[in-house]
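Position 247, counted from 1, in the sequence shown is what my numbering calls 253; the numbers after and before it change by one each time, with no gaps. Cβ atoms here follow ideal geometry from the backbone N, Cα and C, with glycine treated the same way. Working notes, beginning with the structure itself.
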Amino acid sequence: MFKRQTLIAWIVLVAVSVLPLSALAQTQIQYHNNKYSVQDDIKLGRQAAQEAESQFPLLRDPQVQSYVENVGRRLVTSIPSQFQHPEFQYFFKVVNAKDINAFALPGGPMYVNRGMIEAARTEGEMAGVMAHEISHVALRHGTAQATKGQKYSILGGIAGIAGTILGGPGVGQLAQAPFAVYLLKFSREYETEADILGAQIMARAGYDPHDLANMFRTIEQQGGGGGGFLSDHPSPSDRYARINKEAGYLRVAGDTRDSREFARIQERLRGYGAAPSMAEIQRSGQRYPTGEPTGNYPTQGNYPDNAPTGRVSYPSTRYQNYNIFNGGVQVSVPSNWREVNDGNSVWFVPEGAYGQVNGQAVYTHGASFGVAQTNNRDLQRGTQELINSLGQGNSNLRTTGGYQRTTLSGRNALYTTLSNINEATGRPETVRVITTQLRNGQLFYMVAVVPQNERGFDSAFEQILRSLRIND
Ligand SMILES: [Zn+2]
Numbered sequence: 007m008f009k010r011q012t013l014i015a016w017i018v019l020v021a022v023s024v025l026p027l028s029a030l031a032q033t034q035i036q037y038h039n040n041k042y043s044v045q046d047d048i049k050l051g052r053q054a055a056q057e058a059e060s061q062f063p064l065l066r067d068p069q070v071q072s073y074v075e076n077v078g079r080r081l082v083t084s085i086p087s088q089f090q091h092p093e094f095q096y097f098f099k100v101v102n103a104k105d106i107n108a109f110a111l112p113g114g115p116m117y118v119n120r121g122m123i124e125a126a127r128t129e130g131e132m133a134g135v136m137a138h139e140i141s142h143v144a145l146r147h148g149t150a151q152a153t154k155g156q157k158y159s160i161l162g163g164i165a166g167i168a169g170t171i172l173g174g175p176g177v178g179q180l181a182q183a184p185f186a187v188y189l190l191k192f193s194r195e196y197e198t199e200a201d202i203l204g205a206q207i208m209a210r211a212g213y214d215p216h217d218l219a220n221m222f223r224t225i226e227q228q229g230g231g232g233g234g235f236l237s238d239h240p241s242p243s244d245r246y247a248r249i250n251k252e253a254g255y256l257r258v259a260g261d262t263r264d265s266r267e268f269a270r271i272q273e274r275l276r277g278y279g280a281a282p283s284m285a286e287i288q289r290s291g292q293r294y295p296t297g298e299p300t301g302n303y304p305t306q307g308n309y310p311d312n313a314p315t316g317r318v319s320y321p322s323t324r325y326q327n328y329n330i331f332n333g334g335v336q337v338s339v340p341s342n343w344r345e346v347n348d349g350n351s352v353w354f355v356p357e358g359a360y361g362q363v364n365g366q367a368v369y370t371h372g373a374s375f376g377v378a379q380t381n382n383r384d385l386q387r388g389t390q391e392l393i394n395s396l397g398q399g400n401s402n403l404r405t406t407g408g409y410q411r412t413t414l415s416g417r418n419a420l421y422t423t424l425s426n427i428n429e430a431t432g433r434p435e436t437v438r439v440i441t442t443q444l445r446n447g448q449l450f451y452m453v454a455v456v457p458q459n460e461r462g463f464d465s466a467f468e469q470i471l472r473s474l475r476i477n478d
C-alpha cells in the first residue's frame, strides 16, 4: 500500500512538471460567437449529408470503411474536452472520387475521398486531413460563419453555382435552402484554426502533427487538387509553416501510425480501377438512394445481435429502384425490403429476415448481389468456384439441380438451385444462384434465399431478376 502511494505521488509530480509546459505553449483556440444551437449544427449536417449521399457514390467496401472509421474514431476521442460535443455523431464514409479531398459537415458527418486516401504517403497524412476537417466541426465553424452573416459558398466544381445555405434569420430556412453544399469555404482565420486544432488532435491521437503539413507537399507533388481541404487562403506554404510551428509545441502521445494496414488499404483501393472526379460525378447528374445518413453503415457489426426470426411480411407488389456498386448495377426490389451490406454482398431483405448467429450474418429471406474474383473466365467453372466458396461457410449446402442457361441484363447467365439448412431457424431452405460475367472477367452473382415450401417469394425473385441492369 505504501509503495503504491509513493508511485502515485511520483506520477503526479512528473505530470505536474511536464504537462503544463506543453499545455502553455500550444496555441489556445476559442469558439467564435454562434447564434445557432448545437442541435442546429446536427440538423443542418444531417440534411446536407443526405443530399451529399444522394449525389456522390459511396465506396461500399467494408474493409476500407472500417479502417477509415477506426482512424476517425481515434481522432474524435482525441478532441480536447472543451471542444467535444457529446451530441455530435461523427461518422466517416468514403466517396468513390479521385479528387484529393475530404469534407465534414456540421454535427459530424464526414466524407473522405478515395483519391485522398490513395494520394497520402502515410496514414498520418490521411489522418491530418481528417483531423483538420474534424476541427471545423468541433469548432462549429459552419454555424459560426453563418452567425457573422457570411455566406457559405459552394465550390464551382461541385455545384457550378454559388449559393447560401445559412445566413438567414433562422434554421427553419434550412429546410428549403438549395442544398448543393458540402465543400464549405471558410475564412482564412477558420482555416488556420482548423490546422492548429487539427495538429493538436493529431498529437493527442499519437500521430506526428508534421504529417498534416506534409500533406500539402504531397498534394503539390500530385499535381494540385485538394479542393475544399486545400483552400486558396491561407496559401499552402503559409499553412505548412504554421502547422510545423505548432507541431514544435506539441508532444506526441505514443506512435499510432500503422503503415502496413495503410499500405494494404491503398493497394485494395488501387484494385478498383480509376475513380471519377467529383466534377464528372456532378456532370453525370446521377442520384443515389439514401436512407437517413448515420454512422451505422450497414455492415456486419451493425446487424441486430439476435438471430433472425424468419417471420416476415410477404413481398410488397410495389417496387423501389436501387443503384448498387457505385451505380454499376440497377435493380428494383419490393418496397418493404431494405438494403444491408454484410461485407461480401449487398442484401435486400424484409424485416425479421436478417440478424446474426455466432457473429455471422444470417438471412432467412432475401436476395443478395455480389462480385467475385474467380480464377476462371469460363462462366460455369467460375460459378462452381463461387458455389464451392459458399459451401465453405455452410456445411449443409447441397446442389440440387444442374446448371441451366438463362439471361441476366441481356447477357448469358447460369442458374442453379441448392438446398441448405438455415443457421438461424434450423429449417431447410432453397438457395438460388444466378451468375454472369462482367467485362473485366469478374463474376457477378445474385443469391436468393427462402425457406423451402414458401412460395410467396418466387415471383418477387423473378421480378428482381428481370429488373436488373448491369452497366459495366
Ligand atoms: Zn478547412
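How long is the line joining the alpha carbons of residue i and residue j, rounded to whole angstroms?
i: residue 154; j: residue 47; result: 15 angstroms
i: residue 466; j: residue 441; result: 18 angstroms
i: residue 293; j: residue 62; result: 8 angstroms
i: residue 448; j: residue 383; result: 8 angstroms
i: residue 356; j: residue 321; result: 8 angstroms
i: residue 195; j: residue 319; result: 55 angstroms
i: residue 326; j: residue 255; result: 55 angstroms
i: residue 123; j: residue 407; result: 45 angstroms
i: residue 282; j: residue 81; result: 28 angstroms
i: residue 265; j: residue 271; result: 10 angstroms
i: residue 276; j: residue 370; result: 35 angstroms
i: residue 54; j: residue 268; result: 29 angstroms
i: residue 261; j: residue 250; result: 18 angstroms
i: residue 206; j: residue 431; result: 51 angstroms
i: residue 391; j: residue 403; result: 14 angstroms
i: residue 400; j: residue 409; result: 20 angstroms
i: residue 450; j: residue 416; result: 13 angstroms
i: residue 209; j: residue 279; result: 34 angstroms
i: residue 134; j: residue 76; result: 14 angstroms
i: residue 43; j: residue 73; result: 32 angstroms
i: residue 373; j: residue 252; result: 53 angstroms
i: residue 421; j: residue 460; result: 19 angstroms
i: residue 285; j: residue 141; result: 26 angstroms
i: residue 291; j: residue 334; result: 14 angstroms
i: residue 109; j: residue 32; result: 26 angstroms
i: residue 106; j: residue 242; result: 14 angstroms
i: residue 49; j: residue 396; result: 43 angstroms
Please list, in chain order, all residues of the same chain as residue i whose beta carbon is under 6 angstroms from its beta carbon, the five residues on each side excluded.
i: residue 89; result: 144
i: residue 65; result: 100, 102 and 120
i: residue 41; result: 153
i: residue 104; result: 121, 281 and 283
i: residue 111; result: 51, 54 and 55
i: residue 91; result: 44
i: residue 220; result: 131
i: residue 213; result: 130, 133 and 262
i: residue 215; result: 205, 208, 209, 253 and 256
i: residue 423; result: 406, 407 and 438
Report, in whole angstroms, the separation of the C-beta atoms of residue i and residue j, which I expect to be a contact under 8 angstroms.
i: residue 136; j: residue 116; result: 7 angstroms
i: residue 84; j: residue 211; result: 4 angstroms
i: residue 331; j: residue 351; result: That belief does not hold up - the Cβ atoms of residue 331 and residue 351 are roughly 10 angstroms apart, past 8 angstroms.
i: residue 192; j: residue 151; result: 6 angstroms
i: residue 387; j: residue 70; result: Actually they do not touch by this definition, with Cβ atoms about 30 angstroms apart.
i: residue 454; j: residue 438; result: 4 angstroms
i: residue 138; j: residue 204; result: 4 angstroms
Looking only at its own chain, which residues have a Cβ that is under 8 angstroms from the Cβ of residue i, when we skip the five neighbours before and after it?
i: residue 328; result: 295, 336, 337, 338, 339, 345 and 354
i: residue 434; result: 425, 426, 427, 428, 457 and 458
i: residue 248; result: 198, 201, 202 and 240
i: residue 444; result: 377, 450, 476 and 478
i: residue 39; result: 150, 153 and 154
i: residue 341; result: 322, 324, 325 and 326
i: residue 363; result: 313, 429 and 430
i: residue 359; result: 314, 316, 318, 369, 370, 371 and 372
Name the one or two DSSP bridge partners that residue i has.
i: residue 329; result: 336
i: residue 115; result: 97
i: residue 362; result: 367
i: residue 440; result: 421 and 452
i: residue 108; result: 118
i: residue 434; result: 427
i: residue 375; result: 352 and 452
i: residue 345; result: 354
i: residue 410; result: 421
i: residue 405; result: 424
i: residue 475; result: 336
For residue i, collect the residues of the same chain with a Cβ closer than 7 angstroms to its Cβ; drop the 5 residues on either side in sequence, then sort them by chain order.
i: residue 114; result: 51, 94, 95, 96, 97 and 143
i: residue 224; result: 125, 126, 127 and 131
i: residue 463; result: 321, 371 and 456
Using a Cβ-Cβ cut-off of 8 angstroms, state whether residue i counts as contacting chain C.
i: residue 96; result: No chain C appears in this structure, which consists of one protein chain only.
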